[in-house]
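Comments concern the structure below.
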Amino acid sequence: MKKEILIRKAVLNDASKIREIVNNFASEGKMLPISYNQIYERIRDFWVVEENKKIIGCGALKITWKDLGEIRSLAIIPSKQKKGYATKLIEKMFEEARNLGIKKIFVLTYIPEFFEKFGFKRISKSKLPHKIWLDCVNCPKFPKCDEIALMKFL
Numbered sequence: 000m001k002k003e004i005l006i007r008k009a010v011l012n013d014a015s016k017i018r019e020i021v022n023n024f025a026s027e028g029k030m031l032p033i034s035y036n037q038i039y040e041r042i043r044d045f046w047v048v049e050e051n052k053k054i055i056g057c058g059a060l061k062i063t064w065k066d067l068g069e070i071r072s073l074a075i076i077p078s079k080q081k082k083g084y085a086t087k088l089i090e091k092m093f094e095e096a097r098n099l100g101i102k103k104i105f106v107l108t109y110i111p112e113f114f115e116k117f118g119f120k121r122i123s124k125s126k127l128p129h130k131i132w133l134d135c136v137n138c139p140k141f142p143k144c145d146e147i148a149l150m151k152f153l
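Below is the structure:
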């Protein structure tokens, strides 16, 4: 059977699958959990990867400031990893960022090596604008954030 791969903007009906994928990784301590409320509020930020009409991955590009964006909730189900889907998804988000006029993208992650392959460089969290920490107040790890910050200039 030929694989049909589609990377598209998420719609409201995708929320439960996005939550399932992200929270499976969160339960293993590999990323932060996400609620339905967070997904619905940010559905326009999300992209999904479909293989044969089944969602197998997701990621979000959040605008945080006039020239700054953040990649969040990037995840591909384990059985579909290492097949280039995350790369294609990141490339779509880079394209969207450029079209929006975003000059810098940052990530907060537990897997910095993955993002370094795309040209992200480790930075001190103190280099990020205070505005981004508004989301952190609701994080279960606040104020003891153990994620690693990385930045890429487009």
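Under numbering that gives the first Met the number 0, the first residue of the sequence shown is numbered 0, with each subsequent residue one higher. C-beta: ideal position from N, C-alpha, C; glycine also.
Determine the burial state of residue i: buried for a count of at least 16 other Cβ atoms within 10 Å of its Cβ, exposed for fewer.
| i | result |
| --- | --- |
| V47 | buried |
| D44 | buried |
| S112 | Before going further, note that residue 112 is Glu rather than Ser in the sequence given. Looking at its Cβ environment, which holds fewer than 16 other Cβ atoms inside 10 Å, E112 is exposed. |
| G56 | buried |
| S123 | exposed |
| I4 | exposed |
| K16 | buried |
| V106 | buried |
Tell me, please, which residues DSSP counts as bridged to residue i.
| i | result |
| --- | --- |
| I75 | G56 |
| A148 | L107, I122 |
| E49 | L5, I54 |
| V61 | The amino acid occupying residue 61 in the given sequence is Lys; Val does not appear at that position. Answer is E69, bridged to K61. |
Output needed for residue i: all residues of its chain with C-beta closer than 8 Å, excluding positions within five of it in sequence on either side, in chain order.
| i | result |
| --- | --- |
| Q80 | none |
| K103 | D66, L67, G68, M150, K151, F152, L153 |
| Y109 | G28, K29, M30, D145, E146, I147 |
| R7 | W46, V47, E49 |
| L11 | Y39, I42 |
| P128 | T63, W64, L67 |
Taking only three categories from DSSP, how would you classify residue i?
| i | result |
| --- | --- |
| I70 | strand |
| F24 | helix |
| M30 | coil |
| R43 | helix |
| F117 | coil |
| L127 | coil |
| I17 | helix |
| Q80 | coil |
Going by beta carbon distance, what residues of the same chain come within less than 7 Å of residue i, once the five residues before and after it are set aside?
| i | result |
| --- | --- |
| L60 | D44, G68, I70, M92, E95, A96 |
| K2 | E50, N51 |
| F117 | I89, K151 |
| Y84 | V48, I55, G56, I75 |
Pull up the CB-CB distance for residue i and residue j, whole angstroms please, since I reckon it's below 8 Å.
| i | j | result |
| --- | --- | --- |
| A74 | F119 | A74 to F119, Cβ: 17 Å. No contact. |
| I42 | I101 | With a Cβ gap of about 19 Å, I42 and I101 do not count as contacting. |
| Y35 | R18 | 6 Å |
In chain order, what residues of the same chain have a beta carbon less than 6 Å from the beta carbon of residue i, not counting five sequence neighbours either side?
| i | result |
| --- | --- |
| V21 | I33, S72, A74 |
| Q37 | none |
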